[in-house]
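Right, one structure below, let's go through it.
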Amino acid sequence: MSQPIKIKLVRSPIGTNQRVRQTLKGLGLGRVGSERELVRSPAVEGMLRRVSHLVAEVKK
32 MSQPIKIKLV RSPIGTNQRV RQTLKGLGLG RVGSERELVR SPAVEGMLRR
82 VSHLVAEVKK
């Protein structure tokens, strides 16, 4: 089974393009400070690369 990864939205998506905002929505991150635990997969890794400047990994 894949490792879970916990991410947090730390910067606002204001001023980003629509593709970045839709990626955040797909990850389930809406507001600054929101956190989500996701299963690490190639699709999730690609989405995180696209929004890496807005999110941070939460250490457990």
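Take 32 as the starting number for the sequence shown in the numbering used here and just add one per residue.
In this text, a Cβ means the ideal position worked out from N, Cα and C, and glycines have one as well.
Given the structure is predicted, the values throughout are model-derived calculations rather than measurements.
If we ignore side chains and look at the alpha-carbon of each, how far apart do residue i and residue j end up?
i	j	result
Gly-64	Ser-43	9 Å
Gln-97	Leu-55	Residue 97 lies beyond the residue range present for the chain, which begins at 32 and ends at 91; the question has no answer from this structure.
Thr-47	Glu-66	20 Å
Do you know whose CA, among the options, lies nearest residue i's CA?
i	options	result
Leu-58	Gly-46, Ile-45, Arg-80, Ser-33	Arg-80
Arg-62	Val-89, Lys-39, Val-51, Gln-34	Lys-39
Could you pull the start and end residues of the alpha helix (DSSP H) that residue i belongs to?
i	result
Val-86	Premise fails: Val-86 lies in the beta strand (DSSP E), 86 to 88, not in any alpha helix (DSSP H).
Return the first residue and the last residue of the beta strand (DSSP E) that residue i is part of.
i	result
Leu-26	An answer regarding residue 26 cannot be provided, because it is not within the stretch 32 to 91 covered by the chain.
Ile-36	35 to 40
So, with DSSP's three-state summary, where would you put residue i?
i	result
Arg-81	helix
Assuming contact is defined by CB atoms lying nearer than 8 Å, are residue i and residue j in contact in what I supplied?
i	j	result
Val-70	Ser-33	yes
Lys-37	Glu-68	yes
Val-41	Ala-74	no
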